[in-house]
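Asker:
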Amino acid sequence: MDVTIKLSIVSIVFIAILLIIALLVLLWICVKIPQLVWKYGLAYYCGAGAKWRGGPNTWAVITGATDGIGLAYAKAMADMGYSLVLMSRNSDKLNAVKNDIHKQYPNCAKIRTIVVDFGADDIYDDIERQLRDLDDIHVLVNNVGVTYRYPEFFTRIDNQREFMSRIFNVNCVAMTRLIGLVLPVMVAQGNGIVINVCSFSALFPTPLLALYSASKAYGDYLSRALGAEYAGKGVIIQSVLPYYVSTNMIRNPKSTWMIPSSDRFVASALKTVGIESRTYGYLPHTVVAFFQAFVLKFLVGNDVNMKLAFRKMYAFREAYCAKRDKYANQAKSVDTINTIATIDTVDTMDTVIDIRL
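So for the sequence shown, full-length UniProt numbering puts the first residue at 1; every next one is plus one.
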């Protein structure tokens, strides 16, 4: 056979394969768009979502409730008329939030606060005691979380043992233990809603945030597995995977179409409860997830996401270290250096902290 003819056949086959792939992607998009319109618009207004039943004797329990996403969930629950149990390790913030919510949401009859450090091990007997006498626990929002101060190689993490213990206690153990306390009550009632705030970082491993992304993947897997187990028991369990949200944990960037405020994000995410067991909570974040987790993975493999993440996290790390070293070199005393270190370790326990991709 003539070489030219062979090349022509190869070219035709190659073009045909590309066309088939393009058609499959187009077909997939045509299927997904109506699904997104339903999930983020029509379903909620058609009454297909969760049945919220706030009332003075119906409780919503929220961890990490004094800032950001956790605070937004607390305000949303108060607006629906739920009584609240707010958990945080900062008593001053808890009291301030309690007073603000009472003023803004008169439908919220009762607010209890529990001062707790989820990095500790011996806290759950006391939490159980304080939850035991609640009439009706209908909502649990697991929002508390902690991450790296800055992206870092695993072997270079400062105080590695303490850090590992803390990140898994806060991100994994707290969620699991609180579900263990509340889920039996919900099953006995025949209804309940558990919302676990995970992270976009749960979609694929994130180099230089290895422990954080692994802990968030744990939360996502736990949520999805338990959601399947208890779907027939009247209990909704949802995994929420936000991308960037404007909170003090990412230094409060200006709210934009892609980076919503906490209130805007939560208002959107709540419309997906009972509709999506695993949600990105906000339509633009769903589009990003589609591109990163599906298009890139489908076309070039999942490794590309890790490589892109590594480059971005490495750049963050280098910028942080350069700035830290600059301040350290300018410091004229040990006290100055200690002040800088304190500024860098702002209280980050009360909200999910995400250096998202």
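Backbone N, C-alpha and C fix where the C-beta goes; we use that ideal spot for every residue, glycine too.
1) Got a sec? Which residues, its chain only, sit under 8 Å from aspartate 135 by beta carbon, not counting five neighbours each side?
2) Where does isoleucine 111 sit, in a helix, a strand or coil, going by DSSP?
3) Work out the CA separation of valine 287 and isoleucine 17 for me, nearest whole Å.
4) Kindly provide the ranges of any alpha helix (DSSP H) runs that are 4 or more residues long and lie completely inside the segment 48-130, ordered along the chain.
5) Could you have a look at asparagine 305 and say whether DSSP puts it in helix, strand or coil?
6) Taking three-plus beta-carbon pairs below 8 Å as touching, is the segment 171-184 in contact with the segment 200-208?
7) If you draw a straight line from the alpha carbon of tyrosine 243 to that of cysteine 108, how long is it in whole angstroms?
8) Around the C-beta of threonine 113, are 16 or more other C-beta atoms found within 10 angstroms, so that it is buried, or is it exposed?
9) What three-state label does DSSP hand glycine 145 in the structure shown?
10) How about valine 85 and valine 115: do their beta carbons lie closer than 7 Å?
11) With DSSP collapsed to three states, give me the class of threonine 176.
12) Span of the alpha helix (DSSP H) holding glutamine 160?
13) Distance check for tyrosine 148 and tyrosine 212, CA to CA, integer angstroms please.
14) Please state whether DSSP places asparagine 191 in a helix, a strand or coil.
15) To which residues does DSSP link arginine 278 through a beta bridge?
16) Taking the straight line between their C-alpha atoms, what separation do you get for serine 223 and alanine 319?
17) Using only alpha-carbon positions, find the residue among Ser165, Gln238, Ser262 and Pro205 that is nearest to valine 194.
18) Under the assumption that glycine 281 contacts phenylalanine 291 (Cβ atoms under 8 Å), give the Cβ distance between them as a whole number of angstroms.
19) Give me the Cα-Cα distance between phenylalanine 14 and asparagine 305, rounded to the nearest whole angstrom.
20) Measuring CA to CA, which of Tyr73, His102 and Leu140 is closest to serine 261?
21) Which partner residues does isoleucine 137 have in the DSSP bridge list?
22) Kindly indicate which residue of Gln130, Asp158, Val173 and Arg161 has the alpha-carbon position closest to the one of aspartate 121.
23) Decide if valine 334 is buried, meaning its Cβ has at least 16 other Cβ atoms within 10 Å, or exposed.
24) Using DSSP with H/G/I as helix, E/B as strand and the rest coil, what is valine 13?
25) Given this structure, state the Cα-to-Cα distance separating isoleucine 9 from leucine 19, to the nearest angstrom.
26) Less than 8 Å between C-beta atoms, sequence neighbours within five positions excluded: which residues of the same chain meet that for isoleucine 343?
27) Would you list the residues sitting across from asparagine 196 in a DSSP beta bridge?
28) Among the candidates Phe168, Ile137 and Cys46, whose CA atom is the shortest distance from the CA of residue 359?
29) So glycine 68 packs on serine 88, CB below 8 Å; how close in whole Å?
30) Below 8 Å on the Cβ atoms is my guess for valine 240 versus glycine 49; work out the distance and round it to an integer in Å.
31) Assuming phenylalanine 118 and asparagine 169 make a contact with CB atoms under 8 Å, what is their CB distance in whole Å?
32) Could you give the first and the last residue of the continuous alpha helix (DSSP H) run that contains leucine 283?
33) By Cβ distance below 6 Å, which residues in the same chain neighbour tyrosine 218 in space, the five residues on each side in sequence not counted?
34) Between serine 11 and cysteine 30, what straight-line distance do the alpha-carbon atoms span, to the nearest angstrom?
Answerer: By the coordinates alone:
1) In the sequence shown, counting from the first residue as 1, residue 135 sits at position 135. When the five nearest sequence neighbours on each side are left out, the beta carbons in the same chain lying within less than 8 Å of the beta carbon of aspartate 135 are those of Asn57, Thr58 and Trp59, in order along the chain.
2) One-based indexing of the sequence shown puts residue 111 at position 111. Residue state, collapsed to three classes: strand.
3) Position 17 of the sequence shown, counted from the start, is the residue given in the question as residue 17. Position 287 of the sequence shown, counted from the start, is the residue given in the question as residue 287. Between isoleucine 17 and valine 287, the C-alpha separation is close to 26 Å.
4) 68-79 and 91-104
5) Indexing the sequence shown from 1 puts residue 305 at position 305. Helix at asparagine 305.
6) no
7) One-based indexing of the sequence shown puts residue 243 at position 243. One-based indexing of the sequence shown puts residue 108 at position 108. Tyrosine 243 and cysteine 108: Cα-Cα distance of roughly 30 Å.
8) Mapped onto the sequence shown, residue 113 falls at position 113. It counts as buried.
9) The residue you call residue 145 lines up with position 145 of the sequence shown. DSSP places glycine 145 in coil when its eight states are reduced to three.
10) On the sequence shown, position 85 is the one that residue 85 refers to. On the sequence shown, position 115 is the one that residue 115 refers to. No, they are not a contact pair.
11) The sequence position of residue 176 within the sequence shown is 176, counting from 1. The answer is helix: DSSP assigns threonine 176 an H, G or I state.
12) Indexing the sequence shown from 1 puts residue 160 at position 160. Start and end: 160-168.
13) As a first step, residue 212 is located in the sequence shown; it is residue number 212 there, counting from the start. As a first step, residue 148 is located in the sequence shown; it is residue number 148 there, counting from the start. For tyrosine 212 and tyrosine 148, the distance between alpha carbons rounds to 7 Å.
14) If you number the sequence shown from 1, residue 191 lands on position 191. Residue state, collapsed to three classes: coil.
15) Residue 278 sits at position 278 when you count from the first residue of the sequence shown. Answer is Ser239.
16) Here the question's residue 223 lines up with position 223 in the sequence shown. Here the question's residue 319 lines up with position 319 in the sequence shown. When rounded, the distance between both Cα atoms is 35 Å.
17) Position 194 of the sequence shown holds residue 194. Checking every option, the nearest Cα to that of valine 194 belongs to Gln238.
18) Locating residue 281 in the sequence shown gives position 281, counting from the first residue. Locating residue 291 in the sequence shown gives position 291, counting from the first residue. Their Cβ separation, rounded to whole angstroms, is 17 Å, which puts glycine 281 and phenylalanine 291 out of contact at 8 Å.
19) Walking along the sequence shown from the start, residue 14 turns up at place 14. Walking along the sequence shown from the start, residue 305 turns up at place 305. So the alpha carbons of these two residues sit roughly 26 Å apart.
20) Sequence index remark: in the sequence shown, residue 261 carries index 261 (1-based). Residue Tyr73 is the option with its Cα nearest to serine 261.
21) For the purposes of this step, residue 137 is identified with residue 137 of the sequence shown, where counting begins at 1. Isoleucine 137 pairs with Trp59.
22) By one-based count along the sequence shown, residue 121 stands at place 121. Selected option, being the one with the closest Cα: Val173.
23) Here residue 334 refers to the residue found at position 334 when the sequence shown is read from its first residue. Confidence at valine 334 is low in this model, with a pLDDT of 48, below 50, so its placement is unreliable and no value can be given for it.
24) As a position in the sequence shown, residue 13 is number 13, starting the count at 1. Residue state, collapsed to three classes: helix.
25) Here residue 9 corresponds to residue number 9 of the sequence shown, with the count starting at 1. Here residue 19 corresponds to residue number 19 of the sequence shown, with the count starting at 1. The alpha-carbon atoms of isoleucine 9 and leucine 19 are separated by roughly 15 Å.
26) The residue labelled residue 343 in the question sits at position 343 within the sequence shown. For isoleucine 343, the pLDDT reaches just 30, beneath the cut-off of 50, and the residue's location in the model is therefore unreliable, although a value from the coordinates is still provided. Sequence-distant partners of isoleucine 343 (beyond 5 residues in either direction) whose C-beta falls short of 8 Å from its own C-beta are missing from its chain.
27) On the sequence shown, position 196 is the one that residue 196 refers to. Answer is Asn142 and Ser239.
28) Residue coverage of the chain in this structure runs from 1 to 357, which leaves residue 359 outside it and unanswerable.
29) Translated into positions along the sequence shown, residue 68 becomes position 68. Translated into positions along the sequence shown, residue 88 becomes position 88. Incorrect: roughly 11 Å between the Cβ atoms, too far for contact.
30) Within the sequence shown, numbered from 1, the residue matching residue 240 stands at position 240. Within the sequence shown, numbered from 1, the residue matching residue 49 stands at position 49. No, valine 240 and glycine 49 are not in contact; Cβ-Cβ is about 14 Å, not under 8 Å.
31) For the purposes of this step, residue 118 is identified with residue 118 of the sequence shown, where counting begins at 1. For the purposes of this step, residue 169 is identified with residue 169 of the sequence shown, where counting begins at 1. The C-beta distance from phenylalanine 118 to asparagine 169 rounds to 6 Å, short enough to fall under 8 Å.
32) Numbered from 1 along the sequence shown, position 283 holds the residue referred to as residue 283. From DSSP, the alpha helix (DSSP H) with leucine 283 extends over 283-289.
33) By 1-based counting over the sequence shown, the position of residue 218 is 218. Cys172, listed in sequence order.
34) Along the sequence shown, one-based indexing puts residue 11 at 11. Along the sequence shown, one-based indexing puts residue 30 at 30. Taking the straight line from one Cα to the other gives about 28 Å.
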